[in-house]
Amino acid sequence: MSRSRTERLVNLVICLLSTRRFLTAAQIAATVPGYEHDPDDAKEHEAFQRKFERDKAELRELGVPLETGTASVFDAEPGYRIAHREYALPEIPLEPDEAAAVGIAARLWQHAGLAAAASSGLAKLRAAGVDVDPQATLGLEPMVTVDPAFAPLTAAARDRREVGFDYRVPDRDAPTRRRLQPWGVVCWRGRWYVVGHDLDRDATRCFRLSRVVGAVRVTGEPGGYQPPAGVDLISHVARWSGPVERTGRATVLAAPGRAAGLRRWAVQTLPGPDGDRLVLPYADPDSLAGHLVGYGPDVRVLEPPEVRDAVIQRLKEIAVRQDDLAVAGGPR
């Protein structure tokens, strides 16, 4: 199955899970990325219908309980939905390391772009007057921004292709050119790193993605090198980055009953009439900001200004990317 079809099927499931009413094919076509077409164009509409029929059959083969029906006796066109009672999983107990792995996978799923498209689809449903169930897809958190270098570097590591990029370090004003054979991209302490063989230095190096300046340029052919067998990327990044001293303190206002992850992190919790004030230790304001924006409106930074400004900057970046997604996914 192609990646585009996989993404379309995932977003179709999210769309149908997000409302308890039946959605018509026209509503689904206007909501789910991958179904965009001109309904007045006979050929385009026929192509959509064939695609939609194949996708429905695929979901049913996968065991997704897809129902057909109408919201009321006055509806002339049938609609579709997923039966929540049959689709829900029983509680799955996980060991701490298993839960951590699932959390990383979910975060990577968001970074890969699926959550952005899904969130956009839910916004379209709301705009069309469809009542969206906020509890139906609890896995959809607000989109967390990711470094632009993430996608090209993960693709290059997968395809074993050499890359080149400009890299800025804190003690230098100008970025330097680096050439790398990437072995993989990993997350360590809230930041993403690429590990590989530095061609100019003829040594293993890792680079923080947030310090990559400009575009990553692919310079090598697929399969151009082979990473060392059994290399531990996380351990290499851990040795390179050294210990983190969280000497800073940030105070955030958390909505009642929300932001459970931050509450576990907090070194002090002060209840109040408008929410709880959580005191969070941190080392880097930008890294903390990247974590906080994932909680959306449930959390507001009170102090210090450097963390508040970093969150604002992150939100501006997210807004720009959402606008770009809206333009790219608009009418054709």
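1 is the number of the first residue of the sequence shown in UniProt numbering; add one for each residue after it.
Even glycine gets a Cβ: it sits at the ideal position worked out from N, Cα and C.
The structure displayed is predicted, hence computed values, not measured ones.
### Query
With respect to the alpha helix (DSSP H) encompassing Glu191, which residues constitute its N-terminal and C-terminal limits?
Along the sequence shown, read from residue 1 onward, the residue named residue 191 stands at position 191. It is Arg, not Glu, that sits at residue 191 in the sequence shown. Arg191 -> not in any alpha helix (DSSP H); beta strand (DSSP E) instead, spanning 191 to 198.
### Task
Give the range of the beta strand (DSSP E) segment to which Pro182 is assigned.
Counting from one through the sequence shown, the residue named residue 182 turns up at place 182. Counting along the chain, the unbroken beta strand (DSSP E) around Pro182 starts and ends at 176 to 188.
### Query
Would DSSP call Gln226 helix, strand or coil?
On the sequence shown, residue 226 is found 226 positions in, with the first residue counted as 1. Note: Gln226 maps to coil in three-state DSSP.
### Task
Identify every residue that forms a DSSP beta bridge with Asp166.
Locating residue 166 in the sequence shown gives position 166, counting from the first residue. Arg177, Val213.
### Query
If you compare alpha carbons, which of Val216, Val212, Glu303 is closest to Ala155?
For the purposes of this step, residue 155 is taken as the residue at position 155 of the sequence shown. The shortest Cα separation from Ala155 among Val216, Val212, Glu303 belongs to Val216.
### Query
Where in the segment 270 to 326 do unbroken runs of the alpha helix (DSSP H), each at least 4 residues long, occur, reported from the N-terminal end onward?
Runs of the alpha helix (DSSP H) inside the segment 270 to 326: 285 to 292.
### Message
Is it buried or exposed, Glu82, if we count other Cβ atoms within 10 angstroms and call 16 or more buried?
### Response
For the purposes of this step, residue 82 is identified with residue 82 of the sequence shown, where counting begins at 1. A small fix is needed here, since residue 82 is Ile in this sequence, not Glu. By the 10 Å Cβ count, Ile82 comes out buried.
### Query
Buried or exposed: where does Ala25 fall if 16 or more other Cβ atoms within 10 Å of its Cβ makes it buried?
For the purposes of this step, residue 25 is taken as residue 25 along the sequence shown, with counting starting at 1. Flag for Ala25 reads buried.
### Query
So who's on the other strand from Tyr80, going by DSSP bridges?
Indexing the sequence shown from 1 puts residue 80 at position 80. By DSSP's assignment, Tyr80 forms a beta bridge with Leu23, Thr68.
### Task
Can you give me the start and stop residues for the alpha helix (DSSP H) that Ala47 sits inside?
On the sequence shown, position 47 is the one that residue 47 refers to. Counting along the chain, the alpha helix (DSSP H) containing Ala47 begins and ends at 42 to 61.
### Neighbourhood of Tyr295 by C-beta, 6 Å cutoff - its chain only, sequence neighbours within 5 removed
Working through the sequence shown from its first residue, we reach residue 295 at position 295. So the qualifying residues of the chain are Ala259.
### Query
Under three-state DSSP, which class holds Ala203?
As a position in the sequence shown, residue 203 is number 203, starting the count at 1. Ala203 carries a strand assignment under DSSP once its states are collapsed to helix, strand and coil.
### Task
Please determine if the segment 176 to 192 and the segment 205 to 213 are in contact, where contact requires at least 3 C-beta pairs separated by less than 8 Å.
Yes, the segment 176 to 192 is in contact with the segment 205 to 213.
### Query
With C-beta atoms as the reference, is Thr269 less than 8 Å away from His236?
Here residue 269 corresponds to residue number 269 of the sequence shown, with the count starting at 1. Here residue 236 corresponds to residue number 236 of the sequence shown, with the count starting at 1. Going by C-beta atoms, Thr269 is not nearer than 8 Å to His236.
### The alpha helix (DSSP H) enclosing Ala156, as first and last residue numbers
Walking along the sequence shown from the start, residue 156 turns up at place 156. Residues 150 to 159.
### Query
Would you call Pro285 buried or exposed, if buried means 16 or more other Cβ atoms sit within 10 Å of its Cβ?
Position 285 of the sequence shown, counted from the start, is the residue given in the question as residue 285. That one is buried.
### Query
When you compare only the Cα positions, how much space is there between Gln135 and Thr19?
For this step, residue 135 is matched to residue 135 along the sequence shown. For this step, residue 19 is matched to residue 19 along the sequence shown. Model confidence at Gln135 stands at a pLDDT of 47, short of 50, so the residue's coordinates are unreliable; what they give is reported in the following sentence. Spanning the two alpha carbons is a distance of roughly 10 Å.
### Task
From the DSSP output, read off the bridge partner residues of Leu253.
Translated into the one-based positions of the sequence shown, residue 253 becomes position 253. Per DSSP, Arg277, Arg300.
### Query
From Ala30, Tyr193, Ala174, pick the residue whose C-alpha is nearest to that of Arg8; which is it?
In the sequence shown, counting from the first residue as 1, residue 8 sits at position 8. Proximity to Arg8 across Ala30, Tyr193, Ala174 peaks at Ala30, based on C-alpha coordinates.
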